[in-house]
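Below: one structure, written as C-alpha cells.
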Amino acid sequence: MSEFKINDYILSQEAKEIITQGIIEEKQYGVPALEYAQQACDGHQWVIYTYKAILLCAECDTSAGEEYLEDCGIEFDSFGDHATKLAYATLLNACNQYYCEIN
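Each number in the working numbering comes from the position in the sequence shown (counting from 1) with 842 added on.
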C-alpha cells in the first residue's frame, strides 16, 4: 500500500510552497509568479502520476478545478486523463487563491 497522503490541508500547503517559490523566481529572474505556478503544477507529481491524481481527486475538494475545466471546454479521452487534468486544475486553483490572498 502506498504511503501517499493527500487532503485539502496538504493541497493548500503545497500551493503555498509553489507560490512562495514563484515569488522568489519572479524577484530573481523576472518570471511572473503565476506563470511559474502554471509550469510547476503542470509537471507536479500529483498531476503527472495518475495514481496520485486519482487520490487527489478522491480526497480533496475539486469543485473549483471542475469549474475551470468546464469553462475551458476541456475534454477527456479516459478516466486517467480526466483525473490528471482535474488534479492540475485543482492544484493551480489553490495556487491562484493563495496568490490572491497575499496580494
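Each residue gets a CB set at the ideal place from its N, CA and C atoms; glycine is no exception.
Nothing here was measured: the structure is a model prediction, and the numbers come from that model.
If you draw a straight line from the alpha carbon of Ile890 to that of Gln881, how long is it in whole angstroms? Locating residue 890 in the sequence shown gives position 48, where the first residue counts as 1. Locating residue 881 in the sequence shown gives position 39, where the first residue counts as 1. Per the coordinates, the alpha-carbon of Ile890 lies some 12 Å from the alpha-carbon of Gln881.
Taking 7 Å as the limit between beta carbons, can you name the residues of its chain near Ala936, skipping five residues before and five after? Here residue 936 corresponds to residue number 94 of the sequence shown, with the count starting at 1. So the list reads Leu853, Ser854, Ala857, once near-sequence residues are dropped.
Hey, Asp850 and Cys883: beta-carbon distance below 8 Å or not? Taking the sequence shown and counting its residues from 1, one reaches residue 850 at position 8. Taking the sequence shown and counting its residues from 1, one reaches residue 883 at position 41. Against a cut-off of 8 Å, the Cβ pair of Cys883 and Asp850 comes out as no contact.
Less than 8 Å between the beta carbons of Leu911 and Ala929, yes or no? By 1-based counting over the sequence shown, the position of residue 911 is 69. By 1-based counting over the sequence shown, the position of residue 929 is 87. Contact: no.
Starting from the C-beta of Ile861, find all residues in its chain whose C-beta is less than 8 Å away, skip the five residues before and the five after it, and write them out in chain order. By one-based count along the sequence shown, residue 861 stands at place 19. Hits under 8 Å: Ala875, Ala879, Cys937, Tyr940, Tyr941, Ile944.
Ala895 burial status per 10 Å Cβ neighbour count (16 or more: buried): On the sequence shown, position 53 is the one that residue 895 refers to. Residue burial annotation: Ala895 is buried, with at least 16 other C-beta atoms found within 10 angstroms of its C-beta.
Could you tell me whether the Cβ atoms of Lys927 and Phe921 are closer together than 8 Å? Stepping through the sequence shown from its first residue, residue 927 is reached at position 85. Stepping through the sequence shown from its first residue, residue 921 is reached at position 79. Their beta carbons are not under 8 Å apart, which means Lys927 does not touch Phe921 by this criterion.
For Cys922, which three-state DSSP category applies? The residue you call residue 922 lines up with position 80 of the sequence shown. Going by the sequence as given, residue 922 is Gly instead of Cys. If DSSP states are grouped into helix, strand and coil, Gly922 belongs with the helices.
Cβ shell of Phe846 (< 7 Å), same chain only, five flanking positions each side left out: Taking the sequence shown and counting its residues from 1, the one referred to as residue 846 is at position 4. Its chain contains Lys894, Leu897 as the residues whose beta carbon lies nearer than 7 Å to that of Phe846, once the 5 sequence neighbours on both sides are disregarded; these appear in chain order.
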